[in-house]
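Working notes for the structure below.
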Amino acid sequence: MQLVYRSILLLFLISYVFVVNAAQLADSSALQNMEDQLNKQPWKTYQSLLTQAEKLDQMSPHYKLWWLLRKAQAENLLYFFEKFELTVDQAQQSINLQTPARITINFDIFRGLILQRQGRYQLAQKNLKKAKQLARKNEFTYLAVRAKQELAYTRSLTEVYELSLTELQQAYVEAFALNDEFLIAKINEVYGAIYGYMHDYAKSIDYYQKALTSYQKLGYPALEVEAIYGLAATYRYWSKYELAIKYYQQYQKAIEFSPNNINGKFYASYGIAMSEAEQGNCQQALVTLERAINLEGLLDYKAELYKRKAQCLIKENKLTAAEQSLAKADDIFIAFPELIGTRWQIEVIKIRAELAQAQGNSDQAYQLLKEFNDSQLQLLKKNSSDRLLRVRSALEVERQNVEISLLQQRAKVQKLKFEQQKHKNSMQVYIISFVVMLIFLILFFVYFQWRNNKKLVLLSVRDPLSDSFNRRYVFNFLNKLISSNTAEKNTVSIMVIDIDDFKQVNDSYGHPFGDTVIREVAKIGTEIMRSEDVIGRVGGEEFLCVLPRIDAVQCLHIAQRFVNKVNACEFLASDADDNNQRVNVTVSIGIATTSANTYSSSDLYVQADKALYHAKYNGKNRAIQYQDSMSHSTQHEPDFNTLNLTLTDD
Numbered sequence: 035m036q037l038v039y040r041s042i043l044l045l046f047l048i049s050y051v052f053v054v055n056a057a058q059l060a061d062s063s064a065l066q067n068m069e070d071q072l073n074k075q076p077w078k079t080y081q082s083l084l085t086q087a088e089k090l091d092q093m094s095p096h097y098k099l100w101w102l103l104r105k106a107q108a109e110n111l112l113y114f115f116e117k118f119e120l121t122v123d124q125a126q127q128s129i130n131l132q133t134p135a136r137i138t139i140n141f142d143i144f145r146g147l148i149l150q151r152q153g154r155y156q157l158a159q160k161n162l163k164k165a166k167q168l169a170r171k172n173e174f175t176y177l178a179v180r181a182k183q184e185l186a187y188t189r190s191l192t193e194v195y196e197l198s199l200t201e202l203q204q205a206y207v208e209a210f211a212l213n214d215e216f217l218i219a220k221i222n223e224v225y226g227a228i229y230g231y232m233h234d235y236a237k238s239i240d241y242y243q244k245a246l247t248s249y250q251k252l253g254y255p256a257l258e259v260e261a262i263y264g265l266a267a268t269y270r271y272w273s274k275y276e277l278a279i280k281y282y283q284q285y286q287k288a289i290e291f292s293p294n295n296i297n298g299k300f301y302a303s304y305g306i307a308m309s310e311a312e313q314g315n316c317q318q319a320l321v322t323l324e325r326a327i328n329l330e331g332l333l334d335y336k337a338e339l340y341k342r343k344a345q346c347l348i349k350e351n352k353l354t355a356a357e358q359s360l361a362k363a364d365d366i367f368i369a370f371p372e373l374i375g376t377r378w379q380i381e382v383i384k385i386r387a388e389l390a391q392a393q394g395n396s397d398q399a400y401q402l403l404k405e406f407n408d409s410q411l412q413l414l415k416k417n418s419s420d421r422l423l424r425v426r427s428a429l430e431v432e433r434q435n436v437e438i439s440l441l442q443q444r445a446k447v448q449k450l451k452f453e454q455q456k457h458k459n460s461m462q463v464y465i466i467s468f469v470v471m472l473i474f475l476i477l478f479f480v481y482f483q484w485r486n487n488k489k490l491v492l493l494s495v496r497d498p499l500s501d502s503f504n505r506r507y508v509f510n511f512l513n514k515l516i517s518s519n520t521a522e523k524n525t526v527s528i529m530v531i532d533i534d535d536f537k538q539v540n541d542s543y544g545h546p547f548g549d550t551v552i553r554e555v556a557k558i559g560t561e562i563m564r565s566e567d568v569i570g571r572v573g574g575e576e577f578l579c580v581l582p583r584i585d586a587v588q589c590l591h592i593a594q595r596f597v598n599k600v601n602a603c604e605f606l607a608s609d610a611d612d613n614n615q616r617v618n619v620t621v622s623i624g625i626a627t628t629s630a631n632t633y634s635s636s637d638l639y640v641q642a643d644k645a646l647y648h649a650k651y652n653g654k655n656r657a658i659q660y661q662d663s664m665s666h667s668t669q670h671e672p673d674f675n676t677l678n679l680t681l682t683d684d
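If you use my numbering, the sequence shown corresponds to residues 35 to 684, in order.
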């Protein structure tokens, strides 16, 4: 009996797991809402989709088609065009009358893209028209605009610009009404392509830049790449080859988001090779042209490569090879009858004229050149007709008017929303005001505390009498400077300054006058020193100056200026009768500079102190540089224990 219960339980668990998996492979809501994720992270999303590939037979028909749709979309974004075609073919085998219209429309658009890349423009237009009509019928405005945008671009490839612009204008109006930035960006990108083909390069660049800005704002890397490529191509058509190559190289780097991107690599190589060839750099161009030709890519693009290769070979006087390249270009155009008579195809005639001239056949060159000019004239008449110019102007004006009208409508809606929100937020305004006032008070208190703390910090490092740094700060500064100074070229000099006969000055004229002398000497030191030098009072009448990156000679000049300026300063003291009398005040200075024999700040200070002793001993009112011969002098030695304590005091 127990065995029966276990068997029933096992059967129940297996059934439950099967039902759960089946439910997961039937609910397509996650796939339907995946488009933004796909555009932002195409490679990661594609890898996630591929994890379900083994369960294809277990999927419901509806789920399977949605899965194939997103897989195809990812492959298109990643430039996996062959896989994209296979996925679309696989999906269209499963599409029938019961298939939801949204899926059918998307795959019709995809089929149009495939045919467009194959150069089968009439069939591409047929599929895109079908997609547009089905989208209109089922009120899928977004998909109708997508189909219309691709239809306009396809027509522009066959140089039907008037109809392309009209179609695109209608798509733009609808996209603007939907307020869909992605659709507007796609349309701006197509505008950029069409105006580039029509030689209006400034406008083309403007539209491509708008598209690129929108894609960057949306965070869609694959579409940013398309806009960058459009900018590169337009600059090439505009003969701004340095900019073209710059953007092609930027494109080459940007496509790295898609691994194994064969088609993207071809487009980058194609653009760089074409730019170099048209720039006239044929020696380099022949290498890059051959590299691009050998890559897997679209045939009509390779026709352009063969044309440029032929021109470079003519320039290099390799006429047989040039003839072969032109023949290959001709073969490709014959395979694409819809391109016959376009500017891409008739350029072959012009290059044949150049080849005939190089071969010495002037009559043939003349006839070919005449044929080219006649064809080009007809093409220019077709593309530059008054009607086309009027259409362009009218569409631009209409576009601006539509934008203004829709913006006004949006402004009205926004105003109503604002009024509603205003009533709801009245209480929030009071709360925010209170919070702002509270923050203001807190900030005021913090500022007040910061200012007081700053004053306290200044008091802790400044000498109140001289307004220079105090003993603790200047010795700490010297100690850190010497400790971190490892390179011999970064010398450090110090000056120990002592006011001569200061006790006698104090006794004769009083302590207030002595204080005045100390302040004035400190002021003179500050004026003479650089902003990075440090001067501090380290004793009653003694100062220490620290001069980074100053050698002995420079320091001696500075010290002598110090001595001279103190000598020149007029110190006035009052006598017993309150008469002012001039008092001669002098200073003695001992100088020391770091060297290989200086191991610490203590050593440097001792050397400066010995130099000061010699300055006093030799008559005062002078500056003396420390010499090694002074090391055995018998003057008073400073209290090293006290000095070391001061240098290490935090």
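Built from N, CA and C at the ideal position, the CB exists for glycine as well.
In the DSSP assignment, find the unbroken alpha helix (DSSP H) run with residue i in it and report its ends.
i: Thr175; result: Thr175 to Leu191
i: Gln124; result: Phe115 to Gln126
i: Ser359; result: Leu353 to Ala369
i: Leu226; result: According to the sequence as given, residue 226 is Gly; it is not Leu. Gly226 -> alpha helix (DSSP H) spans Glu215 to Tyr231.
i: Thr322; result: Cys316 to Asn328
i: Pro255; result: Pro255 to Tyr271
i: Thr200; result: Tyr195 to Leu212
i: Asn130; result: Neither: Asn130 is in no alpha helix (DSSP H) and is coded neither H nor E.
i: Ser94; result: Run containing Ser94: none; DSSP gives neither H nor E here.
i: Arg583; result: Per DSSP, Arg583 belongs to no alpha helix (DSSP H) and is neither H nor E.
i: Asp637; result: Ser635 to Tyr651
i: Asp234; result: It is not in any alpha helix (DSSP H) - Asp234 carries neither H nor E in the DSSP assignment.
i: Ile385; result: Arg377 to Ala392
Does DSSP put residue i in a helix, a strand or coil?
i: Met471; result: helix
i: Arg154; result: coil
i: Asn601; result: helix
i: Gly559; result: helix
i: Gln615; result: strand
i: Ser527; result: strand
i: Ser629; result: coil
i: Ser248; result: helix
i: Arg170; result: helix
i: Leu590; result: helix
i: Ser63; result: helix
i: Leu162; result: helix
i: Leu277; result: helix
i: Pro76; result: helix
i: Ser565; result: coil
i: Gln243; result: helix
i: Ser309; result: helix
i: Pro546; result: helix
i: Leu741; result: Limits of the chain in this structure are 35 at one end and 684 at the other, which puts residue 741 out of reach.
What does the alpha-carbon distance come out to for the pair residue i and residue j?
i: Gln317; j: Thr354; result: 17 Å
i: Val53; j: Gln92; result: Model confidence at Val53 stands at a pLDDT of 41, short of 50, so the residue's coordinates are unreliable; what they give is reported in the following sentence. Distance between the alpha carbons of Val53 and Gln92: 11 Å.
i: Glu69; j: Phe210; result: 20 Å
i: Thr680; j: Tyr647; result: The predicted model places Thr680 with a pLDDT of 36, which falls under 50 and marks its position as unreliable; any figure quoted below should be read in that light. Approximately 21 Å, taken between the alpha carbons.
i: Ala261; j: Ile465; result: 47 Å
i: Leu423; j: Asn161; result: Low confidence applies here, because Leu423 scores a pLDDT of 49, under 50, leaving its location unreliable; read the following figure in that light. Taking the straight line from one Cα to the other gives about 29 Å.
i: Leu90; j: Leu323; result: 43 Å
i: Glu88; j: Trp101; result: 12 Å
i: Ala344; j: Tyr195; result: 29 Å
i: Asn110; j: Phe452; result: 42 Å
i: Gln379; j: Gln401; result: 17 Å
i: Gly559; j: Ser502; result: 9 Å
What residues are listed by DSSP as bridge partners for residue i?
i: Glu576; result: Asp532
i: Gly570; result: Phe503 and Leu578
i: Ile658; result: Gly624
i: Leu102; result: Its beta-bridge partners do not exist; DSSP assigns none.
i: Arg496; result: Phe503
i: Leu606; result: Arg616
What do you reckon, are the CB atoms on residue i and residue j nearer than 8 Å?
i: Ser608; j: Arg553; result: no
i: Tyr633; j: Ala645; result: no
i: Ile228; j: Leu199; result: yes
i: Asn1; j: Gly331; result: The question about residue 1 has no answer, for the chain in this structure spans 35 to 684.
i: Ser622; j: Arg656; result: yes
i: Cys589; j: Ile625; result: yes
i: Ile143; j: Ala181; result: yes
Taking 7 Å as the cut-off, is the beta-carbon of residue i closer than that to any non-hydrogen atom of the ligand PLP?
i: Ala288; result: Among the components modelled here there is no ligand, and therefore nothing to report on the ligand PLP.
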